[in-house]
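Those protein sequences? They're chains A and B, same order as listed.
For the first sequence, the working numbering assigns the number 7 to the initial residue and increments by one for each residue that follows.
For the second sequence, the working numbering assigns the number 53 to the initial residue and increments by one for each residue that follows.
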Amino acid sequence: MSKTVRLRKGLDIRLIGAASKVRTEAQVPKTVSIRPADFHGMTPKMLLKEGEQVKIGDIVFQDKYSDTIKYASPVNGTLKAIVRGAKRKIEEIVISADATQDFDGGTPIDYASLSGEEVKSTMLAAGLWPFVRQRPLDVVADPKNEPKAIFVSAFDSSPLAPDFDFVVHGKEKEFQAGLDAISKLTIGKVHLTLNGKSPADATFKEAKGVQINTIVGKHPAGNVGTQIHHVDPINKGEFVWTLNAQDVAIIGRYFLTGKYNAKRTIALTGSEIKDPQYIDTIIGANVADILKGKITGDNVRVISGNVLTGNKIEQDGHLGFYHNQITVIPEGDQLKFFLTKGWLGPGFDKFSNSRLFPTFLIANKKFRLDTNLNGEERAFVVTGELDKVFPFDILPMQLVKAAITNDIDGMENLGIYEVAPEDFALCEYVCTSKIDIQDKIRQGLDVIAEECM
Amino acid sequence: MKFLENIVDKMEPKFSKGGKLEKWNPVFESFITLAFTPKHTTKLGSHIRDGVDLKRTMITVIIAMVPALLFGIYNTGHWQMVASSGNLDLAYGAMFWGKVIAGAAVVLPLIIVSYGVGLGIEFIFAMRRGHPLHEGFLVSGMLIPLIMPADVPLWMVGVATAFAVIIGKEIFGGTGMNILNIALTARAFLFFAYPTSMSGDKVWMSGQEADGMSGATALGDLASFMTPDAVLRGETLEAGSNVMDKFTSEYTLYDSFMGFIPGSIGETSTFAILIGAAILLITGVGSLRIIASFFAGGFLMGVILNAAGGPYLDLPPLYHLVIGGFAFGAVFMATDPVSAAQTANGKIIYGLLGGMISIVIRVLNPAYPEGVFLAILFMNVMAPIIDHYVIASNIKKRLKRVKTA
Chain A
7 MSKTVRLRKG LDIRLIGAAS KVRTEAQVPK TVSIRPADFH GMTPKMLLKE
57 GEQVKIGDIV FQDKYSDTIK YASPVNGTLK AIVRGAKRKI EEIVISADAT
107 QDFDGGTPID YASLSGEEVK STMLAAGLWP FVRQRPLDVV ADPKNEPKAI
157 FVSAFDSSPL APDFDFVVHG KEKEFQAGLD AISKLTIGKV HLTLNGKSPA
207 DATFKEAKGV QINTIVGKHP AGNVGTQIHH VDPINKGEFV WTLNAQDVAI
257 IGRYFLTGKY NAKRTIALTG SEIKDPQYID TIIGANVADI LKGKITGDNV
307 RVISGNVLTG NKIEQDGHLG FYHNQITVIP EGDQLKFFLT KGWLGPGFDK
357 FSNSRLFPTF LIANKKFRLD TNLNGEERAF VVTGELDKVF PFDILPMQLV
407 KAAITNDIDG MENLGIYEVA PEDFALCEYV CTSKIDIQDK IRQGLDVIAE
457 ECM
Chain B
53 MKFLENIVDK MEPKFSKGGK LEKWNPVFES FITLAFTPKH TTKLGSHIRD
103 GVDLKRTMIT VIIAMVPALL FGIYNTGHWQ MVASSGNLDL AYGAMFWGKV
153 IAGAAVVLPL IIVSYGVGLG IEFIFAMRRG HPLHEGFLVS GMLIPLIMPA
203 DVPLWMVGVA TAFAVIIGKE IFGGTGMNIL NIALTARAFL FFAYPTSMSG
253 DKVWMSGQEA DGMSGATALG DLASFMTPDA VLRGETLEAG SNVMDKFTSE
303 YTLYDSFMGF IPGSIGETST FAILIGAAIL LITGVGSLRI IASFFAGGFL
353 MGVILNAAGG PYLDLPPLYH LVIGGFAFGA VFMATDPVSA AQTANGKIIY
403 GLLGGMISIV IRVLNPAYPE GVFLAILFMN VMAPIIDHYV IASNIKKRLK
453 RVKTA
């Protein structure tokens with residue numbers, strides 16, 4: 007019963023700086039951090055104080071309003087700082103890591119004999135639950151809900167994204183164990199969606215106990231949102247859970263070894279990175295050591311995640327909880343004279359989904375794009391451009407307008423339950439009027455969360 | 053460009069908040085953002101953005117209008133010479149530069165007045181609202197002179213532009229918020245406020261002496277074949293086919309297509325307009341759905357009316373597409389994304405109905421020989437309803453999924 011989906015809409019943004027398939031092991035980072043902002047809408051309740059010792063897998067804090075969801079420390083060390091912002095909101099929890107770490111040890115768990123409820127409580131207690139995310143709303147899954155299906159994407163199609171086939175290669179056992187465990191969480195199916203453009207690694211291709219689907223097309227083909235929409239769309243009142251492929255392996259590793267091991271392979275990418283490649287590190291790791299001597303140019307932006315959906319971090323910032331890559335691109339905070347580099351220039355250095363720059367004729371050129379907005383914010387004027395990169399049977403501009411105007415009925419009718427901000431990342435990229443569409447959709451989802459869930 | 057940047061950096065504090073000239077900041081910003089793409093970087097969401105912006109989109113539309121503008125200047129010069137010399141057989145290519153200069157002397161003041169009045173008002177609103185100038189009027193300001201008769205008094209253009217910008221756009225909130233096409237609002241205003249300057253047979257040739265010569269447009273001539281005038285002249289309605297023969301021999305399809313006929317400044321040459329259409333379609337700025345369905349709708353209605361038969365109804369459908377403002381309306385007016393339908397399927401319906409209604413007004417209502425601008429304004433008003441039903445069908449599909457599941 008596997009499904010093959012072909013997409014006609016979408017856009018692959020061709021950037022310089024894809025990681026070459028070389029893997030190096032990073033040394034243990036000096037600090038790791040957990041940022042509550044990575045888990046949208048969650049308010050942390052600290053269980054440890056500054057200065058206290060933590061061990062790998064110890065619970066650091068829990069969700070204040072859903073206290074079964076706990077967050078674990080990925081390293082042995084000391085709770086160094088709880089960084090607070092306005093109104094004492096916790097912005098970051100920094101743990102300084104010991105020089106030596108013991109990621110092994112622990113006793114394997116016989117997950118095959120566990121019931122769904124037992125798997126759930128095991129994952130909750132071990133701090134593995136935040137890996138499970140839910141649609142609608144695109145937040146950490148509420149363990150009280152019954153998901154109709156679980157979706158795992160076997161590839162990432164965003165710009166410069168890591169190649170999951172390379173990343174999970176050799177982790178068949180862990181990945182399969184993770185799939186077996188999470189498949190107990192749903193009465194429905196676990197869907198694993200492969201990239202139809204290239205043959206998948208055996209880890210994915212030979213996965214068992216799941217429905218394997220194939221999707222062919224440009225980005226956002228690799229987004230779970232796109233896959234859910236075309237395989238088993240969400241209606242009002244239904245829930246679908248989603249997981250990152252690498253995180254499935256982390257969950258599997260936990261059940262196989264009995265110990266939380268937050269190691270993850272990330273891609274170090276971007277036009278401003280010397281010799282982009284893959285690096286084994288830990289979730290939340292400080293990137294200062296990883297980036298040392300790697301950055302070319304001095305006016306750059308470091309992004310945890312990809313250029314479309316990632317977060318801006320400092321050069322000594324930390325890797326985000328869900329991120330599989332670090333991207334470094336030039337900042338674009340310079341004036342650009344209109345006839346040379348600006349709006350009326352020839353534009354051989356501009357990548358555009360419109361055909362207003364000559365580069366649309368050059369099919370394979372790769373670009374070094376900076377963070378300039380390339381214009382100013384305006385009201386929506388151009389129509390039809392969002393549809394070209396939005397492979398959903400949803401009217402994107404109408405939904406965004408409903409979100410901007412807090413029109414709850416409109417959002418429900420137009421399909422807000424099926425989408426996450428990341429699904430609109432390309433819409434935001436191509437928007438002539440430079441509207442922050444992902445933020446508008448997030449605000450719309452917040453209204454829905456408050457009024458309708 | 054470094055020295056220009058330095059000047060900007062030096063001037064900026066004066067215009068920014070707390071500076072001496074704070075009030076003028078929107079004006080300052082408008083000029084700076086014209087000369088430089090600003091420093092703004094992405095703050096939320098996607099860290100990189102498409103190279104395209106509204107300025108580039110709008111300038112592309114203006115470039116697409118240039119062929120029609122250049123041809124319009126020459127054509128205006130030609131008919132002015134015809135009118136002033138009284139020589140109807142003046143060769144079209146003769147006295148090239150003389151015609152260019154004569155035409156420019158008529159057309160350029162119109163453009164200057166249109167931009168001057170429009171941008172002036174836009175700046176006042178921009179300052180009141182504290183945002184830099186939005187680009188919408190760059191296109192409207194060029195469209196307005198192109199759809200005027202050559203001899204329209206300059207003050208009328210000024211009044212019409214002011215009316216269109218204030219009532220048509222700014223009271224709704226500015227660029228992107230208007231319901232009606234701005235340029236057509238200006239034209240409709242003049243058409244109903246000063247009908248004698250906007251229609252009839254006295255306005256289409258610049259510098260025409262009041263007596264002797266008929267300077268009507270093809271449409272005017274066509275319409276007058278059926279008016280009581282024509283009957284008085286002994287051309288009875290029964291002679292329908294004769295009338296049509298007479299018309300088609302006076303205006304050959306080739307002349308009408310190339311634009312060697314009197315008319316509004318930019319509308320006569322379907323050929324020049326199609327060059328513009330090609331620019332809009334290759335760059336993707338103009339909607340193929342609207343342009344193609346508009347032409348299809350006009351042609352279809354021409355065929356239907358042919359089948360019905362009657363004096364004016366017998367005009368071959370192809371003629372409908374090349375005379376009057378039909379092509380100009382289809383390519384530059386109907387495609388205005390703000391006032392057109394916004395959904396993909398909606399655009400097809402919008403264009404089709406717009407084309408059909410244009411011909412219906414043109415043929416069946418002799419009081420308005422030019423139906424295109426009224427049809428497009430009408431469709432502007434109807435566009436939200438079309439979109440409403442397209443959106444409703446999308447919603448219905450989603451609800452059906454729940455029921456069948």
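Here a beta-carbon is modelled for each residue, glycine too, at the ideal position from N, C-alpha and C.
Every value quoted in this text rests on a predicted model; they were computed, and no experiment measured them.
According to DSSP, which residues form a beta bridge with Gln-59 of chain A? As a working mapping, residue 59 of chain A is identified with position 53 in the first sequence. Answer by DSSP bridge pairing, in chain order: A:Thr-84.
So is Ala-273 of chain A in contact with chain B if we call contact Cβ pairs under 8 Å? Residue mapping note: residue 273 of chain A aligns to position 267 of the first sequence, counting from 1. Cβ-Cβ to chain B under 8 Å: no for Ala-273 of chain A.
Please list, in chain order, all residues of the same chain as Ile-289 of chain A whose beta carbon is under 7 Å from its beta carbon, the five residues on each side excluded. The sequence position of residue 289 of chain A within the first sequence is 283, counting from 1. So the list reads Pro-80, Ala-268, Arg-270, Leu-325, Phe-327, once near-sequence residues are dropped.
Short-range partners of chain B found in the segment 233-248 of chain A, where Cβ spacing is below 8 Å: Pro-239, Asn-241, Lys-242
Excluding five sequence neighbours on each side, which residues of the same chain lie with their C-beta closer than 7 Å to the C-beta of Leu-426 of chain B? For the purposes of this step, residue 426 of chain B is taken as the residue at position 374 of the second sequence. Around Leu-426 of chain B: Ile-413, Tyr-420.
If we count the other Cβ atoms within 10 Å of its Cβ and call it buried at 16 or more, is Ala-92 of chain A buried or exposed? If you number the first sequence from 1, residue 92 of chain A lands on position 86. So Ala-92 of chain A counts as exposed.
In DSSP terms, what Arg-139 of chain A is bridged to: Taking the first sequence and counting its residues from 1, one reaches residue 139 of chain A at position 133. Its beta-bridge partners are A:Val-146, A:Thr-248.
Under 8 Å between C-beta atoms of Ser-445 of chain B and Leu-314 of chain A: In the second sequence, the residue the question calls residue 445 of chain B occupies position 393. In the first sequence, the residue the question calls residue 314 of chain A occupies position 308. Contact: no.
Rounded to the nearest angstrom, what separates Thr-302 of chain A and Glu-337 of chain A at their Cα positions? As a first step, residue 302 of chain A is located in the first sequence; it is residue number 296 there, counting from the start. As a first step, residue 337 of chain A is located in the first sequence; it is residue number 331 there, counting from the start. If I take the Cα positions, the gap works out to 12 Å.
Note down, in chain order, every chain A residue with its Cβ under 9 Å from the Cβ of Val-60 of chain B. Position 8 of the second sequence, counted from the first residue, corresponds to residue 60 of chain B. Leu-341, listed in chain order.
Leu-106 of chain B versus chain A: which residues are under 7 Å apart at the beta carbon? Taking the second sequence and counting its residues from 1, one reaches residue 106 of chain B at position 54. The contacting residues are Gly-381, Arg-384, Val-387, Thr-438, Ser-439.
When you compare each of A:Ile-188, A:Pro-205, A:Val-173 to His-197 of chain A by their alpha carbons, which one comes out closest? Taking the first residue of the first sequence as 1, we reach residue 197 of chain A at position 191. When only C-alpha atoms are compared, the closest one is A:Ile-188.
Could you compute how far the alpha carbon of Gly-286 of chain B sits from the alpha carbon of Val-415 of chain B? On the second sequence, position 234 is the one that residue 286 of chain B refers to. On the second sequence, position 363 is the one that residue 415 of chain B refers to. Caution is warranted here: a pLDDT of 42 is assigned to Gly-286 of chain B, below 50, making its placement in the model unreliable, and no coordinate value can be reported.
Could you pull out every unbroken beta strand (DSSP E) segment of at least 3 residues lying fully inside the segment 379-443 of chain B, listed in chain order? none
Looking only at its own chain, which residues have a Cβ that is under 7 Å from the Cβ of Lys-70 of chain A, when we skip the five neighbours before and after it? What you label residue 70 of chain A is simply residue 64 of the first sequence in a count that begins at 1. Only Thr-49, Pro-50, Lys-51 meet the Cβ criterion.
Using the Cα positions of Gly-348 of chain A and Val-306 of chain A, report the straight-line distance between them to the nearest angstrom. Position 342 of the first sequence holds residue 348 of chain A. Position 300 of the first sequence holds residue 306 of chain A. In a straight line, the C-alpha of Gly-348 of chain A is about 20 Å away from that of Val-306 of chain A.
Suppose only complete runs of 4+ residues qualify. What are the alpha helix (DSSP H) ranges in the segment 217-268 of chain A, listed by chain order? 230-237, 251-263
Against chain B, with Cβ distances strictly below 8 Å, would Arg-307 of chain A count as a contact? Indexing the first sequence from 1 puts residue 307 of chain A at position 301. Taking Cβ atoms only, chain B reaches closer than 8 Å to Arg-307 of chain A, which makes this a yes.
Looking at the unbroken beta strand (DSSP E) that takes in Asn-58 of chain B, where does it start and where does it end? As a first step, residue 58 of chain B must be located in the second sequence, where it is residue number 6. No beta strand (DSSP E) contains Asn-58 of chain B, which is instead part of the alpha helix (DSSP H) from 54-67.
Span of the beta strand (DSSP E), counted from its first residue to its last, around Ser-39 of chain A: In the first sequence, counting from the first residue as 1, residue 39 of chain A sits at position 33. First-last of the beta strand (DSSP E) with Ser-39 of chain A: 37-40.
Taking the alpha carbon of Pro-140 of chain A as the reference point, which residue from A:Arg-384, A:Lys-211, A:Val-246 has its own alpha carbon closest? The residue labelled residue 140 of chain A in the question sits at position 134 within the first sequence. As written in the sequence, residue 140 of chain A is Gln, which differs from the Pro given in the question. Checking every option, the nearest Cα to that of Gln-140 of chain A belongs to A:Val-246.
For the candidate residues A:Tyr-266, A:Thr-30, A:Gly-215, whose alpha-carbon lies nearest to that of Pro-114 of chain A? Position 108 of the first sequence, counted from the first residue, corresponds to residue 114 of chain A. It is A:Tyr-266 whose Cα lies nearest to the Cα of Pro-114 of chain A.
May I ask you to verify whether the segment 173-191 of chain B touches the segment 93-111 of chain B, counting CB pairs closer than 8 Å and requiring at least 3? yes
Flag Thr-237 of chain B as yes if its beta-carbon sits less than 8 Å from any beta-carbon of chain A, otherwise no. Within the second sequence, numbered from 1, the residue matching residue 237 of chain B stands at position 185. Judged by the 8 Å Cβ criterion, Thr-237 of chain B is not in contact with chain A.
Contacts of Pro-389 of chain B in chain A (Cβ-Cβ under 7 Å): Position 337 of the second sequence, counted from the start, is the residue given in the question as residue 389 of chain B. Under the 7 Å cutoff, chain A gives Val-387, Val-388, Thr-389.
So what does DSSP say about Asn-419 of chain A, is it helix, strand or coil? For the purposes of this step, residue 419 of chain A is identified with residue 413 of the first sequence, where counting begins at 1. Note: Asn-419 of chain A maps to helix in three-state DSSP.
Just the Cα atoms here: how many angstroms apart are Leu-4 of chain A and Phe-347 of chain B? Because chain A here runs from 7 to 459, residue 4 of chain A falls outside it and cannot be looked at.
Could you check the C-alpha separation between Ala-426 of chain A and Ile-240 of chain A for me, to the nearest Å? Translated into the one-based positions of the first sequence, residue 426 of chain A becomes position 420. Translated into the one-based positions of the first sequence, residue 240 of chain A becomes position 234. So the alpha carbons of these two residues sit roughly 12 Å apart.
Below 8 Å between beta carbons: does that hold for Leu-242 of chain B and Met-208 of chain B? The count along the second sequence starts at 1 and reaches residue 242 of chain B at position 190. The count along the second sequence starts at 1 and reaches residue 208 of chain B at position 156. Taking 8 Å as the Cβ cut-off, Leu-242 of chain B and Met-208 of chain B qualify as a contacting pair.
Contact set for Glu-56 of chain A: own chain, Cβ-Cβ below 8 Å, skip 5 residues either direction: In the first sequence, counting from the first residue as 1, residue 56 of chain A sits at position 50. Hits under 8 Å: Leu-85, Lys-86, Ala-87, Ile-88.
Against chain A, with Cβ distances strictly below 8 Å, would Gln-394 of chain B count as a contact? Within the second sequence, the letter at position 342 stands for residue 394 of chain B. True, the Cβ-Cβ gap to chain A drops below 8 Å.
Hey, how far is the Cα of Ala-291 of chain B from the Cα of Leu-367 of chain B? Along the second sequence, read from residue 1 onward, the residue named residue 291 of chain B stands at position 239. Along the second sequence, read from residue 1 onward, the residue named residue 367 of chain B stands at position 315. For Ala-291 of chain B, the predicted structure reports a pLDDT of 43, less than 50, and the residue's modelled location is therefore unreliable. The matter cannot be settled from this model.
Whose CA, out of B:Leu-122, B:Lys-91, B:Gly-172, B:Ile-313, lies closest to the CA of Ala-135 of chain B? For this step, residue 135 of chain B is matched to residue 83 along the second sequence. It is B:Ile-313.
Closer than 7 Å by C-beta to Asp-105 of chain B: which residues in its own chain qualify, once you throw out the five before and the five after it? Chain order, please. Position 53 of the second sequence holds residue 105 of chain B. For Asp-105 of chain B, where only same-chain residues beyond five positions count, there are no Cβ hits under 7 Å.
Starting from Met-310 of chain B, follow the alpha helix (DSSP H) in both directions and report where the run begins and ends. Translated into the one-based positions of the second sequence, residue 310 of chain B becomes position 258. 305-310 is the extent of the alpha helix (DSSP H) around Met-310 of chain B.
Every unbroken beta strand (DSSP E) inside the segment 328-362 of chain A [3 residues or more]: 331-336
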